[in-house]
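With mature numbering (1 follows the signal peptide of the UniProt record, and there is no 0) as the guide, the letters of the sequence shown map in order to residues -17 to -1, 1 to 152.
C-beta: ideal position from N, C-alpha, C; glycine also.
Predicted, not measured: the structure shown is a model, and the values here were computed from it.
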Amino acid sequence: MLLLGCGAGALLQAGCGVNAPADTSGQSPAHLAARGGQASLLLWQLRTGADSNQQDCLGEALIHKAAKVGSLECLALLVASHARIDLCNNDGQTAEDIALAAGFLECAKFLTTIKHTRNMKLREQSGYSFSDNCRLPREAPAGQKRESGINGPINRKRRRLNDLVSDCN
């Protein structure tokens, strides 16, 4: 941790970018922290401006690296940093796919839960509901009146008995 206190700040002041690739494979220091399961170093990188969605030459972002080593703590940091969990690497794999393939079931379950939660929030924000998916009629939101029915405008006024008798004549 002494290195972080002395050297890293000096490197940033000298103009070394936190997202600059550290090697020819395009991996930034944040990639290396995620790949090593180093949550405290990853947190520091994210706080100093590391891009949580930056991909290396394999198309792997930080979340892929953390999933590959089964670091639930790094995955949680990345999710909190708004990392894209749907991002695919060059082989078309998401972090969830990588965690499953590597046998890190707890990490895969965590990513699945986050994915479903984000999808539900998006559906709520866009006005999409379960009934839309099942082609069921959806009730109008509270306080709004339905403007038209199947055969035209809906008249919700009750008809009086005198009106009904005059219609029959």
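Secondary structure at residue 90: helix, using DSSP grouped into helix, strand and coil. Taking C-alpha positions only, residue 62 is separated from residue 68 by approximately 8 Å. In the DSSP assignment, residue 47 falls within the unbroken alpha helix (DSSP H) covering 45 to 52.
Setting aside the 5 residues that flank it on each side, residue 93 is surrounded in the same chain by 55, 58, each with a C-beta closer than 7 Å to its C-beta; the list follows chain order. CA-to-CA, the gap between residue 60 and residue 21 works out to about 11 Å. Rounded to the nearest whole angstrom, the C-alpha separation of residue 53 and residue 43 is 15 Å.
Residue 78 and residue 99 do not touch by the CB rule: their CB atoms are close to 15 Å apart, not below 8 Å. Burial check for residue 39: the Cβ neighbour count within 10 Å reaches 16 or more, so the residue is buried.
By the neighbour-count definition (other C-beta atoms within 10 Å, threshold 16), residue 29 is a buried residue.
Per DSSP, the unbroken alpha helix (DSSP H) holding residue 61 starts and ends at 55 to 63. Residue state for residue 7 is assigned as coil, using DSSP reduced to three classes.
For the pair residue 97 and residue 50, the CB atoms are not nearer than the 8 Å cut-off. Apart from the 5 residues on each side of it in sequence, residue 18 sits with its Cβ closer than 6 Å to the Cβ of 48 in its chain, given in chain order.
By the C-beta density criterion, residue 35 is buried, having at least 16 other C-beta atoms within 10 angstroms. For residue 11 and residue 107, the gap between their C-alpha atoms comes out near 36 Å. When the five nearest sequence neighbours on each side are left out, the beta carbons in the same chain lying within less than 6 Å of the beta carbon of residue 8 are those of 39, 40, in order along the chain.
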